[in-house]
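All remarks here apply to the structure that follows.
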Amino acid sequence: MAESTKVIIDSSTLIALSGSCLFNILHRLKEKNSLDFLISEKVRKESVDTPLSINRFELNALRIREAINKGTIFVVKQSKDLGDLMKQMGNAAENVFTSEGTGSLSLVHAGELESIALVKLLNAKVLAIDERITRFFVENPEELRTLLETRRDEKISFDEKAYLKFAELMPEMSIIRSSELIALSYEQGFLEADLGKGKETLKAALFALKNNGCALSGYEIKSFVNKL
Numbered sequence: 225m226a227e228s229t230k231v232i233i234d235s236s237t238l239i240a241l242s243g244s245c246l247f248n249i250l251h252r253l254k255e256k257n258s259l260d261f262l263i264s265e266k267v268r269k270e271s272v273d274t275p276l277s278i279n280r281f282e283l284n285a286l287r288i289r290e291a292i293n294k295g296t297i298f299v300v301k302q303s304k305d306l307g308d309l310m311k312q313m314g315n316a317a318e319n320v321f322t323s324e325g326t327g328s329l330s331l332v333h334a335g336e337l338e339s340i341a342l343v344k345l346l347n348a349k350v351l352a353i354d355e356r357i358t359r360f361f362v363e364n365p366e367e368l369r370t371l372l373e374t375r376r377d378e379k380i381s382f383d384e385k386a387y388l389k390f391a392e393l394m395p396e397m398s399i400i401r402s403s404e405l406i407a408l409s410y411e412q413g414f415l416e417a418d419l420g421k422g423k424e425t426l427k428a429a430l431f432a433l434k435n436n437g438c439a440l441s442g443y444e445i446k447s448f449v450n451k452l
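Heads up, my numbering is the position in the sequence shown plus 224, with the first residue counted as 1.
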């Protein structure tokens, strides 16, 4: 029997899927493609424990908690190795970008750092994360610097040596968003049962993700739809 593919999921992807009422596709993808969806303790806290006490987000948190209880998502317990690697990554990441006004910028948050560290420790290869800043930090730091300067309207310095130190700690991995999971669900026919056939189904699902936090542009949605 082929070994399952491990997919580490960040809270941003969980929230985008649960908020758009598309969360049930995770179970179908897991069964069809032999995927193991895993999250860290910090991600569970960010996406379940904390939102449960906030009326606006309680329903989303309940959906995620139920997926955990059913075994669709597995929570990986914290460990010393995970904590040590996360700390090293955090220290390196804090020195990469500097603002003239506020100094070092902490751009990668605890849950995101723990998710990246988990990819490495479990040799998972795939990270699902919708948060744009972290994705740019990992994949295209120069583009992130331009984005930060535009948003903050100030000069941002990039320390290449510090970034290389962070990069040395990073695992080799593919980064996907909730939109890729939805596109795969569409290709495999999982959206038809709930929403019907046709590309309008995919388009509507992707816009729902966009409205629930997935960093997805209208142009990207059009490209997704036209490719299928």
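In this text, a Cβ means the ideal position worked out from N, Cα and C, and glycines have one as well.
In this structure, the beta-carbon distance from S236 to N284 does not fall below 9 Å. In this structure, the alpha-carbon of K451 lies about 20 Å from that of L419.
Of the residues assessed, N435 falls on the exposed side of the cut-off, its CB having fewer than 16 other CB atoms within 10 angstroms. Bounds of the alpha helix (DSSP H) holding K266 are 265-268. Residue range 350-352 is occupied by the beta strand (DSSP E) that includes L351. For F382, the enclosing beta strand (DSSP E) has its first and last residue at 380-382. Here DSSP, grouped into helix, strand and coil, assigns G325 to coil. L346 places its beta carbon 9 Å or farther from that of V299. For I233, same chain residues with a beta-carbon under 6 Å away, outside a window of 5 residues either side, are F261, I263, A352 in chain order. Counting only residues of its own chain and dropping the five nearest sequence neighbours on each side, F360 has a CB closer than 8 Å to the CB of E367, L368, L371. Pairing A240 with G437 gives a Cβ-Cβ distance under 9 Å.
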